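Numbering (mature numbering (1 follows the signal peptide of the UniProt record, and there is no 0)), first residue to last: -19 to -1, 1 to 346. Ideal Cβ placement from N, Cα and C applies to all residues, glycine included. Since we're looking at a predicted model, the values are computed, not measured. Here's the structure we're looking at; comments come further down.
Quick look at the structure:
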């Protein structure tokens, strides 16, 4: 039997002729063009992370499995990060990007927090990128946040406890009576570490009210990470900007997490019934710290000024992926299920379990 990954490789080889985007993907940040060499696009409406044999990072993300004690999490309950709490609720029709998935409910990557304690621990969920090579870039996730009070949903970039970029939703804070739906935007830094990993008193913590209810539909949350600056957005509109020495200076992982430990100063809860946050997609366009990928980029990008050498990144288009277009992902790793037109153009996958991150998923204030 021919491996599906051998079959998946063929379109990537054929598709390099007359390729576009050989010099990367661009976005305007503060009216200045920024071009990034690499991309990670995850269409979770169609990408099944739980496929047998492909669930350990081969598709770009590794569901995490570990336990965290209540002392480590700084809450009254421990946490069980369970593979069972990560579910791919996909749609079979590759031309359909909205609607209910095979499990019922909104299609996408489902991250569950259980409504029943197990040995005084809350069952929670997390996925992390398989390689920690994400440096400066624009990072976007389309998320439908749970409406069940008492959880923390997070989309974040992580290197260590003093270099971390967080977008966090506390469902306890949502108030439909006064139409209040805040999102917490955070840079974890040396200052927050010295305060016991409490960033709330630093200049790099902002609670911003969203102009919509994040629990009723999908919205794109984005952060642009460039030297000395991080800018945060929701549906393309700027929410906040943070600058200075708290901005990370290295490469790291991307993570998606949904958890609770009953901490009355942060997650509250735990929820009394199952709570699910769903991720429609992640689109990351970034510079890689990986030596092989940097070398490959230098080889394929001959003339950045040539027509179609750099491709503009569209905003808020749930159905557009460069990796699903003809010849617009040269040299990129395009993750998809073997039944789709997939390619694995460069770089072997690498599964990684990240126990250190278990201590810092969302701020425990």
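Notebook entry, point to check: Any Cβ of chain C within less than 8 Å of the Cβ of residue 298?
Noted result: Given the protein chain composition of this structure (a single chain), no chain C is represented.
Check: Where residue 37 and residue 311 are concerned, what is the direct C-alpha to C-alpha distance, given to the nearest angstrom?
Finding: 25 Å
Checklist line | Top-ranked residue by Cα proximity to residue 233, from 204, 211 and 139 | finding: 139
Notebook entry, point to check: Where does residue 9 fall in DSSP's three states?
Noted result: strand
Notebook entry, point to check: Quick one: Cα of residue -1 to Cα of residue 109, how far?
Noted result: 30 Å
Item checked: Residue span of the alpha helix (DSSP H) that contains residue 173, given as start and end -> 171 to 175
Margin query: Quick check on this structure: which residue in 188, 213, 248 and 160 has the alpha carbon closest to the alpha carbon of residue 152?
Written below: 248
Next item on the list: Using beta-carbon positions only, say whether residue 107 and residue 235 come within less than 8 Å of one another.
Entry: Taking 8 Å as the Cβ cut-off, residue 107 and residue 235 do not qualify as a contacting pair.
Next item on the list: May I ask you to report which of helix, strand or coil DSSP gives residue 268?
Entry: strand
Check: Under three-state DSSP, which class holds residue 303?
Finding: helix
Note to self: Using 8 Å as the cut-off, can you tell me whether the stretch 110 to 123 makes contact with the stretch 190 to 209, which would need three or more C-beta pairs spanning the two stretches below that distance?
What the structure shows: yes
Check: Between the C-alpha atoms of residue 80 and residue 26, what's the straight-line distance to the nearest angstrom?
Finding: Each residue's alpha carbon lies about 9 Å from the other.
Checklist line | Under the three-state DSSP convention, the category residue 256 falls into | finding: strand
Note to self: Just to confirm the assignment, what range does the alpha helix (DSSP H) spanning residue 53 have?
What the structure shows: 51 to 54
Notebook entry, point to check: In whole angstroms, what separates the C-alpha of residue 177 from that of residue 196?
Noted result: Between residue 177 and residue 196, the C-alpha separation is close to 31 Å.
Next item on the list: Give every residue of the same chain whose Cβ lies closer than 8 Å to the Cβ of residue 83, excluding the five residues on either side of it in the sequence, and list them in chain order.
Entry: 70, 71, 72 and 73
Margin query: I'd like the list of long-range same chain contacts for residue 30, defined as Cβ closer than 8 Å, with 5 residues on each side in sequence excluded.
Written below: Result list for residue 30: 36, 40, 42, 44, 67, 69, 90 and 108, in chain order.
Next item on the list: Pull up the CB-CB distance for residue 18 and residue 244, whole angstroms please, since I reckon it's below 8 Å.
Entry: Wrong, their Cβ atoms sit about 39 Å apart, outside the cutoff.
Item checked: Element boundaries [beta strand (DSSP E), containing residue 244] -> No beta strand (DSSP E) contains residue 244, which DSSP labels as neither H nor E.
Check: Do the CB positions of residue 8 and residue 61 come within less than 8 Å of each other?
Finding: The answer is no: Cβ separation not under 8 Å.
Notebook entry, point to check: residue 157 by DSSP, collapsed to three states: which one?
Noted result: It is coil, neither helix nor strand.
Notebook entry, point to check: Under a Cβ-count criterion, where at least 16 other Cβ atoms within 10 Å of its own Cβ denotes burial, should residue 360 be classed as buried or exposed?
Noted result: No answer is possible for residue 360: the residues shown for the chain start at -19 and end at 346.
Notebook entry, point to check: Under the three-state reduction of DSSP, which class applies to residue -1: helix, strand or coil?
Noted result: Residue state for residue -1 is assigned as coil, using DSSP reduced to three classes.
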